[in-house]
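As structure tokens, the structure follows; a few thoughts come after it.
2 protein chains.
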Amino acid sequence: MQNVTLEVEGMTCGHCVNSVEGALKNIGAKGQVELATKTVKVQFDENKLTLETIKETIEEQGYDVV
Amino acid sequence: MQNVTLEVEGMTCGHCVNSVEGALKNIGAKGQVELATKTVKVQFDENKLTLETIKETIEEQGYDVV
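Protein chains in written order, with this note's numbering: chain A, 1 to 66; chain B, 101 to 166.
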């Protein structure tokens with residue numbers, strides 16, 4: 001398992017939290033959004049997912065990974 | 101038809117727009133959220149709905165009508 005913390009712009013409310021965490025869950029990763037720090041902590045299996053896929057998944061929800 | 105513009109706190113993103121406009125649509129009103137001005141323009145049939153119901157519907161979505 002790999003843990004990364006990503007800085008993500010545009011997450012403002014509980015719906016955004018659900019969108020990002022839900023999308024990560026759908027691809028088999030575990031995400032934890034913290035609105036105050038504009039971060040997403042992601043835990044994923046590096047044998048199944050790449051960091052690139054994680055980033056794309058978040059961006060597909062309409063947010064910018066910086 | 102009656103038109104009112106309500107000031108609403110807490111709407112921050114497109115999901116919030118969808119929540120508020122969707123909830124109003126569900127009760128038969130027409131809402132238009134403007135995030136920049138924190139307002140919701142609502143058009144409704146005063147023979148079928150009251151302003152109190154409109155406000156409650158918005159607040160049930162988690163926002164404060166001020």
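Note that the Cβ used here is the ideal one computed from N, Cα and C, for glycine as well.
Boundaries of the beta strand (DSSP E) in which residue i is found, first to last residue
i	result
V42 of chain A	T39 to F44
Within chain A, the residues that residue i reaches when beta carbons sit closer than 7 Å
i	result
T112 of chain B	T12 and C13
Rounded distance between the beta-carbons of residue j and residue i, thought under 8 Å
i	j	result
V8 of chain A	V65 of chain A	5 Å
Y63 of chain A	G14 of chain A	Not really, about 14 Å apart at Cβ, beyond 8 Å.
I58 of chain A	A23 of chain A	7 Å
T139 of chain B	T105 of chain B	5 Å
N103 of chain B	Q143 of chain B	5 Å
Residue i versus the options, residue with shortest Cα-Cα distance
i	options	result
K141 of chain B	B:G110, B:N126, B:I154 and B:C113	B:I154
E160 of chain B	B:I127, B:Q102, B:G114 and B:A136	B:I127
M101 of chain B	B:K138, B:M111 and B:T150	B:T150
E146 of chain B	B:E156, B:E134 and B:A129	B:A129
Host alpha helix (DSSP H) of residue i (start-end)
i	result
G31 of chain A	Premise fails: G31 of chain A lies in the beta strand (DSSP E), K30 to E34, not in any alpha helix (DSSP H).
N126 of chain B	G114 to N126
T105 of chain B	Here T105 of chain B belongs to no alpha helix (DSSP H); instead the beta strand (DSSP E) covers Q102 to E109.
K155 of chain B	L151 to E160
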